[in-house]
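These notes are about the structure you will find just below.
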Amino acid sequence: MKAPADAELRDALERALAGVGFKLVGPVERRPSPYRTSFPIEELRVGLAGRGPSRLGFKRLAWEELERGAQLAKPRFLHDPEREPAVYRSLLPQVPSGPPEFFGAALDGTRRWLFVEWVEGRELFQVGERGLWEEAARWLARFHVAMAPELDRHRREGRLIDHDAGFYRRWIERAAAFATRAGNESTTAVAWLRERHETVVEALLALPRTVLHGEFYASNVLVAGDLDRPPVGKRSDVRVAPVDWELAAAGSGLTDLAALVSGWPEADREALAAAYASEAGVLPFTPRALDLARLQVAIQWLGWAPPEWKPPEGQRHDWLAEAVVIAEGLGL
Numbered sequence: 014m015k016a017p018a019d020a021e022l023r024d025a026l027e028r029a030l031a032g033v034g035f036k037l038v039g040p041v042e043r044r045p046s047p048y049r050t051s052f053p054i055e056e057l058r059v060g061l062a063g064r065g066p067s068r069l070g071f072k073r074l075a076w077e078e079l080e081r082g083a084q085l086a087k088p089r090f091l092h093d094p095e096r097e098p099a100v101y102r103s104l105l106p107q108v109p110s111g112p113p114e115f116f117g118a119a120l121d122g123t124r125r126w127l128f129v130e131w132v133e134g135r136e137l138f139q140v141g142e143r144g145l146w147e148e149a150a151r152w153l154a155r156f157h158v159a160m161a162p163e164l165d166r167h168r169r170e171g172r173l174i175d176h177d178a179g180f181y182r183r184w185i186e187r188a189a190a191f192a193t194r195a196g197n198e199s200t201t202a203v204a205w206l207r208e209r210h211e212t213v214v215e216a217l218l219a220l221p222r223t224v225l226h227g228e229f230y231a232s233n234v235l236v237a238g239d240l241d242r243p244p245v246g247k248r249s250d251v252r253v254a255p256v257d258w259e260l261a262a263a264g265s266g267l268t269d270l271a272a273l274v275s276g277w278p279e280a281d282r283e284a285l286a287a288a289y290a291s292e293a294g295v296l297p298f299t300p301r302a303l304d305l306a307r308l309q310v311a312i313q314w315l316g317w318a319p320p321e322w323k324p325p326e327g328q329r330h331d332w333l334a335e336a337v338v339i340a341e342g343l344g345l
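The numbers in the numbering used here rise by one with no breaks, and the one at position 295 of the sequence shown is 308.
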């Protein structure tokens with residue numbers, strides 16, 4: 014779909030802002046975003062009555078907004094263009110400070126548009142200092158603790174995906190189907206994982222549940238503040254701003270933690286897990302439980318997209334090898 018004309022955007026933005034108590038004043042300046050998710054994003058520079066010059070992110074969430082390659086890569090059954098606006102509107106005002114502020118949405122006709130604060134930060138994956146990753150882990154823990162009560166209400170209000178048994182099993186079945194379609198050596202390894210997967214499902218279902226970001230990877234976490242200052246303990250001067258809440262869910266919080274620690278060596282994973290566990294209210298968990306969550310995350314990636322889709326060069330990872338190593342380490 015084409016980007017909307019300036020007049021259409023301004024009209025929708027004025028009504029969206031009015032719905033959350035703001036008034037647009039002056040022109041709307043549009044800039045293409047260097048930060049790109051699957052869906053198109055623009056940076057808007059606007060004036061708000063009582064707030065002054067402001068920067069907003071404008072995200073278009075309809076399925077038709079995705080490029081053809083992105084439609085192939087993204088599982089359609091997960092898509093709900095009203096989920097992310099619902100999360101920003103109803104759930105994020107209740108969480109620890111950090112996520113972008115909600116500035117309204119346009120959900121009429123074919124428009125599924127979201128307006129949020131533009132956070133000037135750095136994507137976590139661009140930051141090598143582990144101390145900042147530990148801050149992200151601590152924020153994640155506080156978020157999970159805050160949202161565990163009244164989970165049923167949060168699930169309804171946020172239109173959350175349910176990480177239930179059917180959700181977990183769907184990924185290994187998709188992975189098996191894709192491996193068969195590819196017709197390569199992965200078929201045997203995926204079949205081996207499939208034989209052992211029910212143990213993973215049962216273990217994850219037994220864990221405490223809360224609201225999940227759903228994709229708490231370092232590419233979806235912005236950090237802002239004095240990032241170059243050497244960290245000493247907890248960093249109250251650093252803002253952790255998770256973005257892209259399209260797949261927000263209800264399930265085990267270790268799923269989010271497993272996503273965050275992806276790619277780190279064992280010692281660093283342990284440090285990030287310890288930072289998460291150090292926050293008040295976090296229920297005790299074992300390294301085995303986290304490894305089971307890591308295994309499910311790897312299996313989800315195996316079932317994410319059909320074999321004819323190839324991720325960009327810099328985003329490729331051997332999730333099958335990782336899944337097998339984790340499963341063997343667990344003694345499955």
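For each residue, glycine too, the CB sits at the ideal point set by N, CA and C.
Cβ distance (whole Å) where residue i is taken to contact residue j below 8 Å
i, j, result
"PHE71", "TRP126", "7 Å"
"LEU303", "ALA336", "Actually they are not in contact, since the Cβ atoms of LEU303 and ALA336 sit about 15 Å apart, beyond 8 Å."
"LEU333", "THR212", "The pair is not a contact, with the Cβ atoms about 18 Å apart (cut-off 8 Å)."
"LEU79", "TRP322", "Incorrect: roughly 13 Å between the Cβ atoms, too far for contact."
"LEU267", "ALA306", "4 Å"
"LEU308", "ALA340", "6 Å"
"PHE156", "PRO109", "6 Å"
"ALA318", "ARG96", "ALA318 to ARG96, Cβ: 20 Å. No contact."
Delimiting residues of the alpha helix (DSSP H) encompassing residue i
i, result
"SER199", "199-218"
"THR193", "178-195"
"PHE156", "143-160"
"ARG81", "81-86"
"PRO300", "300-315"
"PRO98", "96-99"
"VAL338", "332-342"
"LEU235", "Unbroken run through LEU235 is the beta strand (DSSP E), 234-237; no alpha helix (DSSP H)."
"ALA16", "That residue, ALA16, is in no alpha helix (DSSP H); it is neither H nor E in DSSP."
"ALA75", "Here ALA75 belongs to no alpha helix (DSSP H), and DSSP marks it neither H nor E."
"ARG282", "279-290"
Identity of the residue in the options nearest residue i by Cα
i, options, result
"GLY39", "ARG58, GLY144, GLU163", "ARG58"
"VAL338", "LEU206, GLU55, ALA192", "LEU206"
"ALA271", "ALA287, ASP24, GLY122, LEU74", "ALA287"
"VAL251", "VAL132, GLU170, PHE115, ARG43", "VAL132"
"GLY134", "GLU208, GLY32, PRO47", "PRO47"
"ILE54", "ARG73, GLU42, ARG68", "ARG73"
"ARG43", "ALA62, LEU69, ARG151", "LEU69"
"PRO162", "LEU30, ARG81, TRP322, ARG222", "ARG222"
"TRP146", "ALA254, THR299, ALA311, GLY294", "ALA254"
"GLN313", "MET14, ARG64, VAL203", "VAL203"
"TRP346", "VAL224, GLY276, ALA284", "Outside the shown range of the chain, which is 14 to 345, sits residue 346, and nothing can be said about it."
"VAL41", "LEU30, ARG28, ASP19, PHE156", "ASP19"
"GLU130", "LEU61, ALA306, ARG307", "LEU61"
"ARG361", "LEU30, PRO94, LEU308", "Because the chain in this structure spans residues 14 to 345, residue 361 falls outside the shown range and cannot be described."
"LEU217", "GLY264, MET14, ALA75", "GLY264"
"GLU198", "GLN328, PRO17, ARG28, PRO320", "PRO320"
"HIS330", "GLY276, GLU208, GLU77, GLY342", "GLY276"
"GLY63", "ARG81, ALA75, LEU30", "LEU30"
"ASP177", "ARG168, ILE185, VAL214", "VAL214"
"LEU273", "GLY65, ARG209, PRO66, ALA154", "ALA154"
"GLU283", "PRO325, GLY144, GLU208, ARG182", "GLY144"
Strand pairing of residue i, partner residues [DSSP]
i, result
"GLY60", "VAL38, PRO66"
"ALA263", "ASP175, VAL224"
"PHE115", "VAL129"
"PRO45", "GLU55"
"ARG135", "VAL236"
Boundaries (first-last residue) of the beta strand (DSSP E) holding residue i
i, result
"GLU130", "126-130"
"THR223", "222-225"
"ARG252", "252-255"
**Q.** the stretch 140-150 contacting the stretch 219-236, beta-carbon criterion three pairs below 8 Å
**A.** Contact holds: three or more Cβ-Cβ distances are below 8 Å.
Q: Could you say if the stretch 190-204 and the stretch 108-125 meet the contact criterion of at least three C-beta pairs nearer than 8 Å?
A: no
(Q) Check whether the stretch 81-94 and the stretch 21-39 touch, using three or more Cβ-Cβ pairs below 8 Å as the test. (A) no
Q) Does the pairing of the stretch 144-157 with the stretch 284-301 give three or more beta-carbon distances under 8 Å? A) yes
Q) Would the stretch 166-173 and the stretch 94-102 be scored as touching if the rule is three or more Cβ pairs under 8 Å? A) yes
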